[in-house]
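Everything on this sheet refers to the single structure shown next.
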Amino acid sequence: MRNPTRVITTVALLAALAICPAGSATDTPTSGSLSTEATTSATTLATSISPAPVPGKWQNFWIDRVKLFISENAALEKDKRYIVFLGDSLTQGFKLQNFFSDLPVLNRGISSDGVCDFPEGRNLYRGVTRRMKECVYDCRPSHLVFLIGTNDVGVSSVPLDYWHGAYKYVIQQTRAKFPDVKIILVTCPPCGAPYAKRETLNPRIVEWNKVIRAYAEKEGFPLIDLHALLADKDGQLPPNLTSDGLHFNQAGYERWADAVRPMLTGGENSAAARK
């Protein structure tokens with residue numbers, strides 16, 4: 002997950018709800034050499050957005066992760082469905098095999114990523130919407146466990162509706178291709194010290210989670226209220242569950258694993274995960 006202080010920038014406010022260009026979600030690298038496909042993607046996207054240069058280190062990291070996913074997908078059993086965990090660094094850091102060695106789980110998290118690009122389209126290598134093929138479609142999901150948003154809502158100048166539009170797009174496209182997929186939504190956890198000192202971060206996370214809860218209830222999706230499971234009496238991520246105030250330690254991941262396992266094995270609905 003990106004350090005929130007690094008992503009605060011002046012971002013153009015949207016006059017109306019908009020997400021990444023409709024075609025961009027599938028204009029991500031598909032197979033073979035990612036560098037070639039990424040160039041094609043950039044050319045396609047250039048007709049609708051004009052990204053500003055971004056640090057090469059982040060581009061390379063994002064590309065390398067997607068290349069890894071392409072390689073892993075090529076080795077998947079063709080007649081098998083998989084449980085996909087999709088998100089940012091909280092997902093990337095989830096050592097799924099340690100918790101779900103008996104289940105066909107795939108980790109599709111990328112550190113510092115968000116649900117989509119920023120409004121002004123400054124980064125071709127950002128967003129779940131730009132890696133749907135590699136991280137969802139080619140994984141043939143039976144389940145999709147979706148946790149995203151902290152790196153997005155940390156940009157306080159961007160309305161939450163902007164991110165929510167892209168969030169819904171991810172879900173809608175997944176359901177369109179896999180009508181029987183079980184989608185499990187996860188609320189964003191709170192932040193602890195030192196990040197909790199930022200006046201807007203945890204309150205924005207709370208507001209974002211309200212949107213996610215309402216969407217889950219409206220659409221009938223199972224929900225893991227990770228915020229409620231982890232927050233202390235002050236609404237922060239307590240030191241015993243985090244390595245740095247932002248990311249989980251072993252104990253934090255154990256809480257998440259315990260909450261999601263029943264949903265993956267058919268043993269429980271979302272009610273218990275909300276406690």
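Everything in the sequence shown is counted per the working numbering, starting at 2 for the first residue and increasing by one. Backbone N, C-alpha and C define an ideal beta-carbon position, used for all residues, glycine too.
Bounding residues of the beta strand (DSSP E) (the contiguous stretch that carries residue 88)
Here residue 88 is taken as the residue at index 87 of the sequence shown, counted from 1. 83-88 is the span of the beta strand (DSSP E), which, as asked, contains residue 88.
Member of 210, 155, 211 whose CA lies at the smallest distance from the CA of residue 202:
Your numbering for residue 202 matches position 201 in the sequence shown. Checked all of 210, 155, 211; the closest Cα to residue 202 is 155.
Please list, in chain order, all residues of the same chain as residue 187 whose beta carbon is under 6 Å from its beta carbon, the five residues on each side excluded.
If you number the sequence shown from 1, residue 187 lands on position 186. 148, 225, 227, listed in sequence order.
Just mark residue 108 as buried or exposed, buried being the case when its beta carbon has 16 or more other beta carbons within 10 Å.
Reading the sequence shown from its first residue, position 107 is the one you call residue 108. Its Cβ being crowded by 16 or more others within 10 Å, residue 108 is buried.
CA-CA distance, residue 84 and residue 142?
Position 83 of the sequence shown, counted from the first residue, corresponds to residue 84. Position 141 of the sequence shown, counted from the first residue, corresponds to residue 142. Cα to Cα, the separation comes out at about 6 Å.
So, using beta-carbon positions, are residue 192 and residue 242 closer together than 7 Å?
For the purposes of this step, residue 192 is taken as the residue at position 191 of the sequence shown. For the purposes of this step, residue 242 is taken as the residue at position 241 of the sequence shown. Not a contact, by the Cβ cut-off of 7 Å.
Under DSSP, the alpha helix (DSSP H) around residue 149 begins and ends at which residues?
Indexing the sequence shown from 1 puts residue 149 at position 148. Here residue 149 belongs to no alpha helix (DSSP H), and DSSP marks it neither H nor E.
Report back the beta-carbon spacing between residue 129 and residue 114 to the nearest angstrom; my notes put them in contact at under 8 Å.
Here residue 129 refers to the residue found at position 128 of the sequence shown. Here residue 114 refers to the residue found at position 113 of the sequence shown. The Cβ separation is near 7 Å, so the contact holds.
First through last residue of the alpha helix (DSSP H) which encompasses residue 250
Position 249 of the sequence shown, counting from 1, holds the residue named residue 250. Segment: none, residue 250 is in no alpha helix (DSSP H) and carries neither H nor E.
DSSP state of residue 166 mapped onto helix, strand, coil
Reading the sequence shown from its first residue, position 165 is the one you call residue 166. Helix.
Could you say which of 208, 214, 133 lies nearest to residue 178 if we only look at CA atoms?
Residue 178 sits at position 177 when you count from the first residue of the sequence shown. For the residues 208, 214, 133, the minimum Cα distance to residue 178 belongs to 133.
State the CB to CB distance for the pair residue 172 and residue 223, rounded to an integer number of angstroms; the pair is presumed to be in contact (CB under 8 Å).
Within the sequence shown, the letter at position 171 stands for residue 172. Within the sequence shown, the letter at position 222 stands for residue 223. 13 Å between Cβ atoms; not a contact.
Alpha-carbon spacing of residue 209 relative to residue 175, whole angstroms
Position 208 of the sequence shown, counting from 1, holds the residue named residue 209. Position 174 of the sequence shown, counting from 1, holds the residue named residue 175. One C-alpha to the other measures close to 21 Å.
From the DSSP output, in three-state form, read off residue 109 for me.
Numbered from 1 along the sequence shown, position 108 holds the residue referred to as residue 109. Residue 109: strand per DSSP, three-state reduction.
Of the choices 196, 139, 89, whose alpha-carbon is the least far from that of residue 80?
As a first step, residue 80 is located in the sequence shown; it is residue number 79 there, counting from the start. Closest by alpha carbon: 139.
Within a Cβ cutoff of 7 Å, which residues of the same chain sit near residue 150, ignoring the five residues on either side of it in sequence?
On the sequence shown, position 149 is the one that residue 150 refers to. Excluding sequence neighbours, residue 150 sits near 116, 164, 189, 209.
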